[in-house]
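In terms of our numbering, the sequence shown has 1266 at position 53, counting the first letter as 1, and numbering is strictly consecutive. Note sheet for the following structure.
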Amino acid sequence: YIGIDQSRIVKSVKDLSKKGYLNKCRDPHDSRNVIIVVSVKQHNYIKNLLSEININET
(Lines of atoms letter the chains of each structure in order from A and count residues from 1; the text may use other names and numbers.)
(Lines give C-alpha, C1' and ligand atoms only; values in the text may rest on other atoms or scores of the structure.)
Protein backbone atom coordinates (compact mmCIF):
# COMPACT_ATOMS: atom_id res chain seq x y z
CA TYR A 1 0.00 0.00 0.00
CA ILE A 2 1.47 3.34 -1.06
CA GLY A 3 -1.08 5.68 0.49
CA ILE A 4 -2.76 6.80 -2.74
CA ASP A 5 -6.45 6.27 -3.33
CA GLN A 6 -6.97 3.39 -5.78
CA SER A 7 -9.54 5.30 -7.85
CA ARG A 8 -7.02 8.10 -8.35
CA ILE A 9 -4.41 5.64 -9.61
CA VAL A 10 -6.91 3.98 -11.96
CA LYS A 11 -7.91 7.34 -13.45
CA SER A 12 -4.30 8.46 -13.83
CA VAL A 13 -3.24 5.23 -15.54
CA LYS A 14 -6.27 5.40 -17.84
CA ASP A 15 -5.50 9.02 -18.79
CA LEU A 16 -1.79 8.30 -19.39
CA SER A 17 -2.70 5.28 -21.51
CA LYS A 18 -5.14 7.33 -23.64
CA LYS A 19 -2.43 9.95 -24.19
CA GLY A 20 0.04 7.28 -25.31
CA TYR A 21 2.48 7.56 -22.40
CA LEU A 22 2.09 3.90 -21.48
CA ASN A 23 0.39 0.66 -22.45
CA LYS A 24 -1.66 -1.46 -20.11
CA CYS A 25 -3.07 -4.96 -20.29
CA ARG A 26 -4.44 -7.62 -17.99
CA ASP A 27 -2.03 -10.10 -16.46
CA PRO A 28 -2.69 -13.37 -18.33
CA HIS A 29 -1.93 -15.34 -15.15
CA ASP A 30 -4.09 -13.26 -12.80
CA SER A 31 -6.80 -11.10 -14.37
CA ARG A 32 -7.08 -9.03 -11.18
CA ASN A 33 -3.74 -7.45 -12.02
CA VAL A 34 -2.91 -4.90 -14.68
CA ILE A 35 0.49 -4.85 -16.35
CA ILE A 36 1.81 -1.40 -17.24
CA VAL A 37 4.47 -1.21 -19.94
CA VAL A 38 6.43 1.79 -21.17
CA SER A 39 8.08 1.23 -24.55
CA VAL A 40 11.50 2.65 -25.41
CA LYS A 41 9.82 5.28 -27.60
CA GLN A 42 7.43 6.25 -24.79
CA HIS A 43 10.30 6.32 -22.28
CA ASN A 44 12.35 8.63 -24.49
CA TYR A 45 9.36 10.92 -25.03
CA ILE A 46 8.73 11.16 -21.28
CA LYS A 47 12.45 11.71 -20.61
CA ASN A 48 12.58 14.56 -23.16
CA LEU A 49 9.39 16.08 -21.79
CA LEU A 50 10.78 16.06 -18.24
CA SER A 51 14.03 17.61 -19.48
CA GLU A 52 12.07 20.45 -21.07
CA ILE A 53 10.13 20.99 -17.86
CA ASN A 54 13.36 21.13 -15.83
CA ILE A 55 14.95 23.59 -18.28
CA ASN A 56 11.92 25.87 -18.13
CA GLU A 57 11.89 25.86 -14.31
CA THR A 58 15.47 27.12 -13.96
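Each residue gets a CB set at the ideal place from its N, CA and C atoms; glycine is no exception.
- The shortest C-alpha to C-alpha distance from Gln-1255 to any of Ser-1264, Ile-1215, Ile-1248, Leu-1235 is the one to Leu-1235.
- As computed with DSSP, Val-1247 is found in a beta bridge with Arg-1239.
- Here the alpha carbon of Val-1247 sits roughly 16 Å from the alpha carbon of Gly-1233.
- A distance below 9 Å separates the beta carbons of Val-1250 and Lys-1237.
- For Asp-1228, the secondary structure class from DSSP, reduced to helix, strand or coil, is helix.
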